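In order, the protein sequences belong to chains F and E.
Residue 250 in my numbering sits at position 250 of the first sequence, and the numbers go up by one each step.
Count along the second sequence starting at 1, add 314, and that's the number in my numbering.
Presented below is the structure to which this report refers.
There are 2 protein chains.
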Amino acid sequence: MSAAAGFDRVALVGIGLINGSLARDMKRQGMAGEIVAASRRRETLDTALGLGLCDRATTDPAEAVRGADLVVIGTPVRAAGEVARAIAPGLSPEAVVTDVGSVKGAVVEAVLPELSHPGRFVAGHPVAGTEHSGPAAAIEHLFRHRWTILTPTEASDEDAIATVRGLWETVGSRVEVMTPEHHDQVLAMTSHLPHLIAFSIVGTVDDLEGHLRQEVFKFAAGGFTDFTRIAASDPTMWRDVFLSNKDAVLEGLGRFTEDLIALQRQIRWDDGDALFDLFTKTRAIRRGIVEAGQAYGRRAVIDDEPAVKDQTAP
Amino acid sequence: MSAAAGFDRVALVGIGLINGSLARDMKRQGMAGEIVAASRRRETLDTALGLGLCDRATTDPAEAVRGADLVVIGTPVRAAGEVARAIAPGLSPEAVVTDVGSVKGAVVEAVLPELSHPGRFVAGHPVAGTEHSGPAAAIEHLFRHRWTILTPTEASDEDAIATVRGLWETVGSRVEVMTPEHHDQVLAMTSHLPHLIAFSIVGTVDDLEGHLRQEVFKFAAGGFTDFTRIAASDPTMWRDVFLSNKDAVLEGLGRFTEDLIALQRQIRWDDGDALFDLFTKTRAIRRGIVEAGQAYGRRAVIDDEPAVKDQTAP
């Protein structure tokens, strides 16, 4: 654990759920002398100011980062390169720059060439969130007990890595370091693919014929209701994730489809033993995850105790 | 709403999550003079007796139903026919018989021919549950604010239908009547298919190569963690559901696979607009469900207030 992080001026470029929640924690913990928010939309900045997420706000990214010792890019991932280009003229040489995007390879590739001091950039991904978005969705303690993955490059300065690590540890996150490529492989399976599947099946149900469709929504049971929550996540963010992590997502999707077709065949041919064996295995996996303390819901993040589980209805 | 249900003797054949939770509510509300539980396994009965879910317990189904005015079959659905055959010798002519299975067509087909008084049988499905199973998983208020779907046949006596309706309404459930076939179509989409997908993807991840597999479980994020919970549901119950509702599940799976492949193609060809449109649509669907009051989690079932949502991490 590093020393608690403190900054004279923090610039948050993009002020949605993640950067907004980070702002709440930094405010509460007195981690920043001043927080400056930037957004393309004046309305977003007014909301952020109204909620006290920042001290100043501007639609000019270069202006926002001027004099900042920490810059956090919190936009959809496909905008990261453009943001880097926009802030470059305002950046101090010693300012540490990081981001919070869910894809790391494409972000590192887009951002590095835009910066005069690429050693000061350390890409990061706090693996936390909700299905809500925008500054009004920001909550305290969002990162507590969650992982943040940092993906520095060989060019990254050691002290910049330590600074970003300290930022996330101070707001309660556990920090792990890996390569951007490895991050994207892991997250493709653990997050991107499940979201893709949820978006897909909710779309499938919505396409059902009128009466059946109505009834499916009326009797929406545990399994499907969980999927609709996941499929309520921010459209722009997720479009960018799938297009920016295309190779790993398509690879995972290929594996999933093969397995689903095998399962389909087992149902068609009444292979009850194969079904039972798979379901027994997946039940044991859940036990392992619960024991590993990963299966925490929102309440756990806030209250530091195991979450109330949603029900899955049969 | 019918009058509150009351019974002299209730026989619960199978005493797992659903029948056990029903027993808790009946006990609390004084709905039954005596509750008799039957199970093939002595150990299950000892647990049920120890938890006070029943007053008497027996491994003989015919003995359990003797003198009962209500019989609730709560076994995995493929055992329902066998159970009906086993209880037939002990049933009073006027006893009302129902079940709680997640598939209705196959259950009705298997049970009716075994009963001397088929007009007394009214199949039912309380659309409620958790990923846990067995009598120790039984909880109070499981059915409150949830739907119970009844699927009587043309042979069903009106007073038997009213009795089963009264049973579920008394424990707080909303009751809807439809045909077994329609029930199975609706539930295939809203519950069976989501469970199948969750079982499948958790299996896919478990098959990953060693290091990547470990990391996926370590960094398991919101989307995937939700899936592991759904995929922790009872293996025997779900094997039976998929095999007993094969046609509707395969039909739903076919639609889902087509849509997923279309989505795969959109990602491969960078069709960001199509992705954005789908995700915008699915987000709106969630809003509709939340507004319709369907998106309640466990806390809502117990506390009658909106659930704390799990987080879905990006």
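Ideal placement from N, C-alpha and C gives every residue a C-beta, glycine not left out.
Quick caveat: nothing in here was measured; it's all calculated off a predicted structure.
Can you tell me the Cβ-Cβ gap for residue i and residue j, rounded? I've got them flagged as a contact below 8 Å.
i, j, result
"Ala378/E", "Val414/E", "Between Val414/E and Ala378/E the Cβ distance is about 16 Å, and since that is not below 8 Å, they are no contact."
"Gly67/F", "Ser92/F", "7 Å"
"Gly134/F", "Leu49/F", "The Cβ separation is near 14 Å, so there is no contact."
"Ile581/E", "Lys246/F", "6 Å"
"Met551/E", "Val205/F", "Going by Cβ atoms, the distance from Met551/E to Val205/F rounds to 23 Å, so no, they are not a contact pair."
"Val324/E", "Met340/E", "7 Å"
"Ile289/F", "Thr542/E", "5 Å"
"Phe554/E", "Val391/E", "It should be pointed out that residue 554/E corresponds to Asp in this sequence rather than to Phe. Contact flag correct, Cβ pair sits at about 5 Å."
"Val410/E", "Val478/E", "6 Å"
"Ala5/F", "Met31/F", "6 Å"
"Gly486/E", "Arg458/E", "3 Å"
"Phe219/F", "Trp461/E", "5 Å"
Please classify residue i: is it buried, with 16 or more other beta-carbons within 10 angstroms of its beta-carbon, or exposed?
i, result
"Gly537/E", "buried"
"His211/F", "exposed"
"Asp617/E", "Any reading at Asp617/E must be qualified, since the residue scores a pLDDT of 27, below 50, and its modelled position is unreliable; the value itself is stated next. With fewer than 16 other Cβ atoms within 10 Å, it is exposed."
"Glu572/E", "exposed"
"Gln185/F", "buried"
"Thr358/E", "buried"
"Ala198/F", "buried"
"Glu523/E", "exposed"
"Pro314/F", "Any reading at Pro314/F is ruled out, since the residue's pLDDT is 34, under 50, leaving its predicted position unreliable."
"Leu22/F", "buried"
"Asp8/F", "exposed"
"Asp540/E", "buried"
"Arg342/E", "exposed"
"Ile544/E", "buried"
"Pro440/E", "buried"
"Gly74/F", "buried"
"Ile408/E", "As written in the sequence, residue 408/E is Glu, which differs from the Ile given in the question. Glu408/E is exposed by the Cβ-count criterion."
"Gly33/F", "exposed"
"Glu445/E", "buried"
Out of the options, which one is the CA nearest neighbour of residue i?
i, options, result
"Thr98/F", "Ala136/F, Pro89/F, Glu140/F and Ala162/F", "Ala162/F"
"Pro152/F", "Gly252/F, Ala160/F and Arg146/F", "Ala160/F"
"Arg353/F", "Gly30/F, Thr58/F and Lys27/F", "Outside the shown range of chain F, which is 1 to 314, sits residue 353/F, and nothing can be said about it."
"Arg579/E", "Arg283/F, Gln264/F, Phe279/F and Ser200/F", "Ser200/F"
"Leu501/E", "Thr444/E, Thr389/E and Ser416/E", "Ser416/E"
"Ala137/F", "Ile15/F, Phe219/F and Asp8/F", "Ile15/F"
"Phe279/F", "Phe556/E, Gly347/E, Arg434/E and Gly395/E", "Phe556/E"
"Ser470/E", "Val436/E, Thr444/E and Ile453/E", "Val436/E"
"Pro180/F", "Arg144/F, Ser244/F and Arg146/F", "Ser244/F"
"Gln528/E", "Phe219/F, Gln214/F, His183/F and Glu215/F", "His183/F"
"Pro118/F", "Phe256/F, His145/F and Glu158/F", "Glu158/F"
"Thr361/E", "Val386/E, Asp374/E and Gly334/E", "Gly334/E"
"Leu142/F", "Ala79/F, Arg24/F, Ala80/F and Asp60/F", "Arg24/F"
"Ala106/F", "Ala248/F, Gly129/F and Asp60/F", "Ala248/F"
"Ala80/F", "Ala110/F, Pro89/F, Asp207/F and Ala262/F", "Ala110/F"
"Asp60/F", "Ile139/F, Gly90/F, Ala262/F and Phe256/F", "Gly90/F"
"Glu468/E", "Arg434/E, Leu574/E, Ala442/E and Glu605/E", "Arg434/E"
"Leu260/F", "Val386/E, Ala576/E and Phe570/E", "Phe570/E"
Cβ of residue i within 7 Å of any heavy atom in the ligand HEM?
i, result
"Glu158/F", "Of the ligands one can find in the structure shown there are none, so the ligand HEM has no counterpart to examine."
Taking three-plus beta-carbon pairs below 8 Å as touching, is the region 46-60 of chain F in contact with the region 193-204 of chain F? no
So, does the region 112-127 of chain F touch the region 76-90 of chain F, judging by three or more C-beta pairs under 8 Å? yes
Sufficient close CB pairs (3 or more, under 8 Å) joining the region 154-170 of chain F to the region 263-278 of chain F: Fewer than three Cβ pairs drawn from the region 154-170 of chain F and the region 263-278 of chain F lie within less than 8 Å of each other, which leaves the two stretches out of contact.
Counting Cβ pairs closer than 8 Å, one from the region 560-570 of chain E and one from the region 176-183 of chain F, do we hit at least three? no
Quick one: which unbroken beta strand (DSSP E) runs of 3-plus residues sit fully inside the region 67-114 of chain F? Chain order, please. 70-73 and 96-99
Can you list the beta strand (DSSP E) stretches of 3 or more residues lying completely in the region 471-558 of chain E, in chain order? 488-491
Stretch pair the region 281-291 of chain F + the region 542-551 of chain E: three plus CB contacts closer than 8 Å: yes
Enumerate, from N- to C-terminal direction, the unbroken beta strand (DSSP E) stretches of 3 or more residues contained entirely within the region 3-28 of chain F. 7-13
Please give the ranges of any beta strand (DSSP E) in the region 430-461 of chain E, keeping only runs that are unbroken, at least 3 residues long and fully inside the region. 435-440
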